[in-house]
Every structure is written in C-alpha cells, then in structure tokens.
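Asks:
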Amino acid sequence: MANVVVVGSQWGDEGKGKIVDWLSERADVVVRFQGGHNAGHTLVVDGKVYKLSLLPSGVVREGKLSIIGNGVVFDPHAFVAEVKKLKEQGVDVTPERLKIAENTALILSLHRELDGFREDAASNSGTKIGTTRRGIGPAYEDKVGRRAVRVMDLADLETLPLKVDRLLTHHNALRRGLGHAEATHEAVMQELTSVAGEVLPYMDRVWKVLDDKRRAGERILFEGAQGTLLDIDHGTYPFVTSSNTVAGQAAAGSGTGPGAIGYVLGITKAYT
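When you line the sequence shown up against our numbering, it's residues 824 to 1095, in that order.
(1) Identify the residues that DSSP records as bridge partners of residue 934: which are they?
(2) For residue 873, which residues does DSSP report across the bridge?
(3) My assumption, with CB atoms under 8 Å, is that residue 851 sits in contact with residue 887. Please give the rounded CB distance.
(4) Quick check on DSSP: helix, strand or coil for residue 1093?
(5) Please check the pair residue 975 and residue 1012, which I expect to be a contact at CB under 8 Å, by giving their CB distance rounded to whole angstroms.
(6) Here's a check: name, in chain order, each residue in its chain whose Cβ is nearer than 6 Å to the Cβ of residue 876, leaving out the five neighbours to either side.
(7) Would you call the CB atoms of residue 1046 and residue 829 closer than 7 Å?
(8) Mind checking residue 1006: buried by the 16 CB within 10 Å criterion, or exposed?
(9) Counting C-beta neighbours from all protein chains within 10 Å, is the total for residue 967 16 or more, i.e. buried, or is it exposed?
(10) Restricting to runs no shorter than 3 residues, where is the beta strand (DSSP E) found entirely within the region 1024-1073?
(11) Could you work out which residue in 858, 846, 960 and 936 is closest to residue 1001 when comparing CA atoms only?
(12) Here's the rule: buried if 16 or more other CB atoms are within 10 angstroms of the residue's CB, otherwise exposed. What is residue 849?
(13) Can the beta-carbon of residue 894 be found closer than 7 Å to that of residue 1076?
(14) Do the CB positions of residue 958 and residue 930 come within less than 7 Å of each other?
(15) What are the boundary residues of the alpha helix (DSSP H) that includes residue 1084?
(16) Look up residue 853 in the DSSP assignment and give the residues it is bridged to.
(17) Three or more C-beta pairs under 8 Å: does that hold for the region 865-876 against the region 905-914?
(18) Between residue 986 and residue 1035, what straight-line distance do the alpha-carbon atoms span, to the nearest angstrom?
And the structure:
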C-alpha cells in the first residue's frame, strides 16, 4: 500500500470513516491534517463502537501510530475528554501511540464563545453560516493573524502570559463590539495551565517523525475531514469550513513533502 490521502468529494458525511478504518488496518501511521473536533465519525472494531471527533482513526488499533498534524486546530479540553472516553472503552492512548505537532494552534473557550456570539448575531440579520460553534473558525483566524497560542507555548510559562495578552487584545475588542463581557487574563491562563500536563507528553516534531517513517518505508494514511466542497478556497463559499479540505492540504498540514503522497482516494455518496 502506497501513502494514501482519503478525502470527501462532496460536503462531508460521505462515509470516509468506514474507508479510513478499513485502510488503517494496512497502514502503519494515520495522520489528521486539517479541521478540528467539528467532524465526528463512528468506527466499529471487533464489535466495539468508537466515536471519534479529534483523534485519528488509528488510535483504536494496536500497533498503529496516530498523528495530529500542524494543519489541525486543537481543543485541549476536547482532547482530554476523548482520551478519557476511549480509556473507559479499553483503549489506552499513550504518547507512544499518538503524537501532536508542536506547532498546532489551540482552540480555547474564548474561540467557542466568539463562534457562538457571531452565529447569534448573524441569526438576527439572516447571514448565519451554520457553524458547529466549537471555535474552529475563530481559532484559524488567530492562526492566520499570528496571535494563536500553540501546543509548544504550553511548555514555556515565561512567554505564555505575553501571548495570552496579545490574544486578548484582539478578542476583547470583538467581545466589546458584540456586547459581551471581556475575557480575563487569569481565566485564560488557568484554562491553559490546567491541561498543559495532559497535552505536553504527546507533543513532538511531527514533520521529523513522518520523514523518518517515510524513509523507513512505512505506510502513511492521511485522514481528511469534511469534504472538498467545504474547502475554504474551492468550496461553496461562504458556506464552507475554515480550512483547506482538499488533498493538497495533506502535505502542508502534516509537514511532509507532496512527493510523499502516493495517491488520493475521494469518497462520494451515491445517494442522500
């Protein structure tokens, strides 16, 4: 099996999870390269049902390495909850089985709140997009605006407060404009430090891990979320997601070169 990218060829919900699960049996590494915890899927392995939103499908299979790439926006609290739920089902998600790119941008509660504030305001004007209110879009905005807090920042408590200040300068201006109370520095710092110890053990230089795996001849499966018609550039704009969902994002969103991709598999629904 060559390195494969699996993407949805429509608006998501095409049944990618079933195909990715089937291919993951043959892969050595499974990579998420875009999106966040806004697109869940259900896996059935050995009669057990697993519901995943953020974690790659490989986590439920022994002997597979799962990777969350830099193209993902990462909600640390959703991560902790998903890992806990899997552990209750007998799946131990260890740092040996899962790696998170050190330069992955974080989703915080203020992103989720801003998502909701905007959707509520848009509902009154008839311009509602229909987001999942999970903070995906605002987190990507902060990434592009170069003010995001990233996974690696959790390890540097000297510079983290400065980065939180920069983030709040932007967000509190928006919150005031939308008629909501400002977020406090103390609350954001507490939110970050409370999960740092549970996230940092998984942090790694994912681009290096993937390059080593590729050179060793291991098979890599890139797992897309949503669908190509939800792509921020190529989809049915403005009713799209906030990331590139097309196959080309697999390279940029994981730190691998495009030459590492063997072929692309697009999944299509035959009927709705």
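For each residue, glycine too, the CB sits at the ideal point set by N, CA and C. Keep in mind it's a predicted model, so treat the numbers as computed, not measured.
Replies: With the given structure in hand:
(1) The residue labelled residue 934 in the question sits at position 111 within the sequence shown. In DSSP, residue 934 forms no bridge with anything.
(2) For the purposes of this step, residue 873 is identified with residue 50 of the sequence shown, where counting begins at 1. Bridge partners of residue 873: 866.
(3) Walking along the sequence shown from the start, residue 851 turns up at place 28. Walking along the sequence shown from the start, residue 887 turns up at place 64. That pair is a contact at about 7 Å.
(4) Reading the sequence shown from its first residue, position 270 is the one you call residue 1093. Coil at residue 1093, not helix or strand.
(5) Along the sequence shown, one-based indexing puts residue 975 at 152. Along the sequence shown, one-based indexing puts residue 1012 at 189. In fact, because the Cβ distance is near 16 Å, the residues do not count as touching under 8 Å.
(6) For the purposes of this step, residue 876 is identified with residue 53 of the sequence shown, where counting begins at 1. If we look at residue 876 and ignore the five residues flanking it on each side, its Cβ neighbours are 860 and 863.
(7) Sequence index remark: in the sequence shown, residue 1046 carries index 223 (1-based). Sequence index remark: in the sequence shown, residue 829 carries index 6 (1-based). For residue 1046 and residue 829, yes; Cβs fall inside 7 Å.
(8) Start at 1 with the first residue of the sequence shown, and residue 1006 comes out as number 183. The residue is buried, with at least 16 neighbouring Cβ atoms inside 10 Å.
(9) For the purposes of this step, residue 967 is taken as the residue at position 144 of the sequence shown. Its Cβ having fewer than 16 others within 10 Å, residue 967 is exposed.
(10) 1043-1046
(11) As a working mapping, residue 1001 is identified with position 178 in the sequence shown. Comparing Cα-Cα distances from residue 1001 to each of 858, 846, 960 and 936, the minimum goes to 936.
(12) As a first step, residue 849 must be located in the sequence shown, where it is residue number 26. Exposed, because fewer than 16 other Cβ atoms sit within 10 Å of the Cβ of residue 849.
(13) In the sequence shown, the residue the question calls residue 894 occupies position 71. In the sequence shown, the residue the question calls residue 1076 occupies position 253. Result yes, Cβ atoms of residue 894 and residue 1076 sit closer than 7 Å.
(14) In the sequence shown, counting from the first residue as 1, residue 958 sits at position 135. In the sequence shown, counting from the first residue as 1, residue 930 sits at position 107. Result yes, Cβ atoms of residue 958 and residue 930 sit closer than 7 Å.
(15) On the sequence shown, residue 1084 is found 261 positions in, with the first residue counted as 1. Residue 1084 -> no alpha helix (DSSP H), and no H or E assigned at all.
(16) Walking along the sequence shown from the start, residue 853 turns up at place 30. 889 and 1044, per the DSSP bridge assignment.
(17) yes
(18) By one-based count along the sequence shown, residue 986 stands at place 163. By one-based count along the sequence shown, residue 1035 stands at place 212. Going from the Cα of residue 986 to the Cα of residue 1035 covers about 32 Å.
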